[in-house]
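Residue numbers (this note's numbering): 116 to 441.
No residue lacks a Cβ here, since even glycine has one placed at the ideal position from N, Cα and C.
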């Protein structure tokens with residue numbers, strides 16, 4: 116996320132960013148023209164703690180002259196985020212993935228699915244050695260250096276259950292802004308201690324996507340979801356882009372984190388739930404709109420995904436709307 120800082124700390128905040136103090140040392144950060152919200156805490160000088168609640172497909176980075184060298188520890192709780200590497204290739208973060216890197220984005224951040232939540236810690240590496248609370252408790256700076264040098268500047272890993280719990284807790288409390296500054300410092304120290312002392316497991320097999328491969332995956336996704344009543348074969352789409360079906364499936368899964376069939380099923384069920392909850396069209400009509408010729412097959416898939424039949428789902432949402440109007 117954008118590493119916005121106050122002028123009092125020697126940083127220039129772009130006009131597109133707006134910082135509103137809330138309580139407990141927390142500031143709410145918004146970006147002009149975006150629906151996303153971020154919650155910022157400064158536990159120590161040179162350390163920023165962010166809770167990122169993203170509701171946009173793209174967020175600009177902004178022209179920010181921060182100087183120095185910054186390293187970001189970015190943990191994905193839900194959703195999917197694109198990481199662009201200096202080489203011009205891309206890797207993607209999904210739920211429960213930690214990314215440690217020191218690369219500034221050249222333009223902005225892309226969030227596939229337009230929904231993302233995550234926790235981020237940003238370090239000014241020039242100030243980190245002077246933070247006695249951190250250096251006395253754990254060698255955070257040494258660990259960061261080791262991770263970056265050993266993984267070409269970008270370290271991707273999963274985290275253990277204790278670190279995951281602390282990530283969730285810090286994210287929740289930052290959004291609620293209901294702790295005192297000392298509470299954020301203490302829990303961040305606990306998290307960093309856990310990460311440094313064996314709390315991460317590196318992801319060895321990373322599939323890097325080129326700009327062209329990313330474009331193919333994105334075009335395929337738009338074609339598939341533009342009209343969910345239509346059906347395309349993987350062979351047809353692969354031929355359109357001059358790649359093999361296996362290559363197309365690999366690009367798509369690398370970018371979107373799912374097989375094409377699973378991704379399509381998810382999107383069809385999302386559309387089905389929306390149509391059932393908001394409209395009056397027949398179940399047969401909704402099944403056809405979602406790409407199911409057989410209404411029985413549609414009903415079976417819907418029940419598997421939601422635990423109820425399409426009609427039960429419609430009645431439940433009807434009653435909830437009625438209750439909400441009272």
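- Under the three-pair Cβ rule at 8 Å, the region 283-301 does not count as touching the region 335-350.
- Under the three-pair Cβ rule at 8 Å, the region 316-329 does not count as touching the region 338-349.
- Around the Cβ of residue 232, a 10 Å sphere holds 16 or more other Cβ atoms; the residue is buried.
- With distances taken between CA atoms, residue 385 lies nearest to 228 out of 234, 352 and 228.
- Our two residues, residue 404 and residue 379, have alpha carbons roughly 13 Å apart in a direct line.
- By the neighbour-count criterion, in which 16 or more other beta carbons inside 10 Å mark a residue as buried, residue 364 falls on the buried side.
- Following the DSSP letters along the chain, one finds residue 397 in no beta strand (DSSP E), marked with neither H nor E.
- Taking every protein chain shown into account, the CB of residue 300 has 16 or more other CB atoms within 10 angstroms, so this residue is buried.
- A distance of 8 Å or more separates the beta carbons of residue 358 and residue 375.
- Residue 304 and residue 147 have their C-alpha atoms some 33 Å from each other.
- Annotation for residue 398: 410, 425 and 426 place their beta carbon closer than 7 Å to its own, counting only its chain and skipping 5 residues before and after.
- At the C-beta level, residue 141 and residue 155 come within 8 Å of one another.
- Here DSSP, grouped into helix, strand and coil, assigns residue 186 to strand.
- At a Cβ-Cβ threshold of 8 Å, residue 188 and residue 223 do not count as neighbours.
- Beta-bridge partners assigned by DSSP to residue 199: 205.
- Judged by DSSP secondary structure, residue 160 falls outside any alpha helix (DSSP H); it is assigned neither H nor E.
- Just measuring C-alpha positions, the residue of 310, 366 and 298 sitting nearest residue 327 is 366.
- Spatial neighbours of residue 210 in its own chain (CB-CB distance under 6 Å, excluding positions within 5 residues in sequence) are listed in chain order as 191 and 193.
- For the region 257-319, the full-length alpha helix (DSSP H) segments reaching 4 residues or more read 276-291 and 296-311 along the chain.
- Taking C-alpha positions only, residue 204 is separated from residue 281 by approximately 31 Å.
- The beta carbons of residue 234 and residue 270 sit no closer together than 8 Å.
- Bridge partners of residue 232 according to DSSP: 168 and 193.
- Taken through DSSP and simplified to helix, strand or coil, residue 410 comes out as helix.
- Of the candidates 201, 238 and 145, 238 places its Cα closest to the Cα of residue 161.
- Per the DSSP secondary-structure output, residue 217 pairs with nothing in a beta bridge.
- Checking the DSSP bridge columns, you'll see residue 390 has no partner listed.
- In the structure shown, residue 367 adopts helical secondary structure according to DSSP, grouped into three states.
- Straight-line spacing of the CA atoms in residue 352 and residue 267 works out to 34 Å.
- The residue from 185, 284 and 264 with its alpha-carbon nearest to that of residue 241 is 185.
- Bridge partners of residue 152 according to DSSP: 145 and 168.
- Its Cα nearest to that of residue 430, the residue 390 stands out among 407, 390 and 168.
- At the C-beta level, residue 169 and residue 230 come within 8 Å of one another.
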